[in-house]
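**Student:**
In my numbering, the protein residues as written are 2 to 337.
1) Residue ranges of each beta strand (DSSP E) run of no fewer than 3 residues wholly in the region 140-214, ordered along the chain?
2) Does the pairing of the region 231-248 with the region 154-163 give three or more beta-carbon distances under 8 Å?
3) I need the straight-line Cα distance from residue 139 to residue 265, nearest angstrom please.
4) Since residue 147 contacts residue 164 with CB under 8 Å, what's their CB separation in whole angstroms?
5) Thinking C-beta only, is residue 319 closer than 9 Å to residue 307?
6) Using 9 Å as the threshold, is the C-beta distance between residue 1 and residue 286 below it?
7) Please go through the region 276-328 and give each complete alpha helix (DSSP H) segment of 4 or more residues, from N-terminal end onward.
8) Does the Cβ of residue 219 have 16 or more other Cβ atoms within 10 Å, making it buried, or fewer, making it exposed?
9) Between 250, 128 and 149, which has its C-alpha nearest residue 268's C-alpha?
10) Assign residue 219 to one of three DSSP states: helix, strand, or coil.
11) Tell me the rounded alpha-carbon separation between residue 185 and residue 192.
12) Check whether the Cβ atoms of residue 166 and residue 95 sit closer than 9 Å, and answer yes or no.
13) Per DSSP, what are the beta-bridge partners of residue 102 in this structure?
14) Is residue 262 helix, strand or coil by DSSP?
15) Just grab the DSSP bridge partners of residue 86 for me.
16) Assuming contact is defined by CB atoms lying nearer than 9 Å, are residue 222 and residue 313 in contact in what I supplied?
17) So, for residue 273: in the same chain, excluding its five sequence neighbours on each side, which residues have a beta-carbon less than 8 Å away from its beta-carbon?
18) Can the beta-carbon of residue 103 be found less than 9 Å from the beta-carbon of residue 117?
19) Looking only at its own chain, which residues have a Cβ that is under 6 Å from the Cβ of residue 224, when we skip the five neighbours before and after it?
20) Within 10 Å of its beta-carbon, does residue 335 have 16 or more other beta-carbons around it, so buried, or fewer, so exposed?
21) According to DSSP, simplified to helix, strand and coil, what is residue 226?
22) With 16 other CB atoms within 10 Å as the buried threshold, where does residue 270 fall?
23) Looking at the strands, I want to know which residues DSSP matches up with residue 127.
24) How many angstroms separate the CA atom of residue 130 from the CA atom of residue 90?
25) Spatial neighbours of residue 190 within its chain, please: CB distance less than 8 Å, with the 5 preceding and 5 following residues excluded, ordered by chain position.
26) Exposed or buried, what is residue 204 when buried is set at 16 or more other beta-carbons lying within 10 Å of its beta-carbon?
27) Tell me which residue opens and which closes the alpha helix (DSSP H) that residue 251 is part of.
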């Protein structure tokens with residue numbers, strides 16, 4: 002599109018200049034082969050006037066072309082920023098498909114929501130906090146793009162809004178402050194399918210944050226697919242040979258905070274992804290056992306899933322998380 006616009010602009014300039022030249026020749030009754038000396042140009046008033054008009058027109062057209070290109074570059078920059086820059090909110094770690102319903106009192110957040118809705122681009126980045134072994138907390142660089150769904154409602158207790166997590170993303174560079182008051186950063190969106198393809202061909206991924214993969218294992222992705230089948234396959238170690246997911250859902254229904262919580266959760270998440278997509282399947286399991294609001298029946302595995310570098314790592318994190326949660330709920334190995 003850019004090249005076509007530039008071509009049209011160039012064509013317009015050339016046609017206009019050529020038209021000036023043709024008018025110039027017509028005024029003098031020139032034939033193309035006739036030549037004039039420098040002295041003739043200076044002394045012939047019609048020639049001189051026509052040349053001055055032509056040069057003035059060319060200068061104006063050049064200036065107009067420069068203005069157009071400057072405006073075009075500015076617009077391209079704005080579009081690029083809109084695609085790669087996001088407002089960033091530190092609130093909770095979320096995984097794709099998760100739904101968060103909140104009431105916010107902070108004026109900055111309310112202003113941000115209002116601005117995004119007016120701009121018809123109701124999306125922003127959300128990151129959570131991670132905790133070290135020493136108890137220190139820090140904001141994650143990895144998070145998700147969330148979308149404001151439905152119509153936010155202003156109530157006495159604040160702004161009631163529903164957020165749905167979509168694409169994963171990772172912050173590139175530092176977080177800055179927008180002139181309107183909220184934080185923002187340039188982000189890179191991540192695609193699990195592309196990551197797994199890169200992993201299979203030994204191409205470093207954005208989530209790994211490394212420029213090389215010295216620990217390349219060409220069987221890792223195949224193992225991840227095989228292990229991910231355990232989530233939905235009958236398991237002899239589970240009651241009635243249920244799969245891990247089915248057994249977890251069965252137990253979670255006995256521990257839900259309010260009636261229908263698990264049914265609503267399953268509706269929000271949709272069907273479990275196929276085992277051939279082990280990363281996405283692991284994110285689904287993480288969203289299942291760490292729901293919003295939390296149930297207190299599983300370890301928090303969402304930050305670990307977001308920063309994991311390979312599909313196999315994600316599957317192992319999700320497997321360990323759901324097994325530990327099942328043992329906690331059935332009483333065979335309580336976590337607390």
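Yeah, the Cβ is synthetic: ideal placement off N, Cα and C, and Gly gets one too. Computed from a predicted model, the values in this text were never measured in an experiment.
**Tutor:** The short version:
1) Assignment of beta strand (DSSP E) within the region 140-214, counting only whole runs of 3 or more residues, yields 143-156, 159-178 and 184-191 in chain order.
2) Proximity of the region 231-248 to the region 154-163 falls short of the contact definition, fewer than three beta-carbon pairs being nearer than 8 Å.
3) Roughly 31 Å separates the two Cα atoms.
4) Indeed, because the Cβ distance is near 4 Å, the residues count as touching under 8 Å.
5) It is not a contact, given that the beta carbons lie outside the stated cut-off.
6) No information on residue 1 is available, as it lies outside the stretch 2 to 337 that the chain covers here.
7) As for any alpha helix (DSSP H) of minimum length 4 sitting wholly inside the region 276-328, the runs are 279-290 and 303-308, ordered along the chain.
8) Looking at its Cβ environment, which holds fewer than 16 other Cβ atoms inside 10 Å, residue 219 is exposed.
9) That would be 250, whose Cα lies nearest to the Cα of residue 268.
10) If DSSP states are grouped into helix, strand and coil, residue 219 belongs with coil.
11) Near 21 Å, if we compare the C-alpha coordinates of residue 192 and residue 185.
12) Cβ distance < 9 Å, so residue 166 and residue 95 count as in contact.
13) The secondary-structure analysis by DSSP pairs residue 102 across a beta bridge with 163.
14) Secondary structure at residue 262: helix, using DSSP grouped into helix, strand and coil.
15) Answer is 187.
16) Contact annotation: residue 222 and residue 313 have beta-carbon atoms nearer than 9 Å.
17) So the qualifying residues of the chain are 232, 233, 246, 282, 285 and 286.
18) With contacts defined by Cβ atoms closer than 9 Å, residue 103 and residue 117 do not form a contacting pair.
19) Exclusion of the five residues before and after residue 224 leaves 313 as the residues of its chain whose Cβ lies within less than 6 Å of its Cβ.
20) So residue 335 ends up on the exposed side.
21) Helix, per DSSP.
22) When all chains shown are included, residue 270 counts as buried.
23) Answer is 90 and 145, bridged to residue 127.
24) Computed Cα separation, rounded: 11 Å.
25) The answer, listed in chain order, is 146, 168, 169 and 170.
26) Exposed, since its Cβ has fewer than 16 Cβ neighbours within 10 Å.
27) Secondary structure note for residue 251: its alpha helix (DSSP H) is the uninterrupted segment 245-256.
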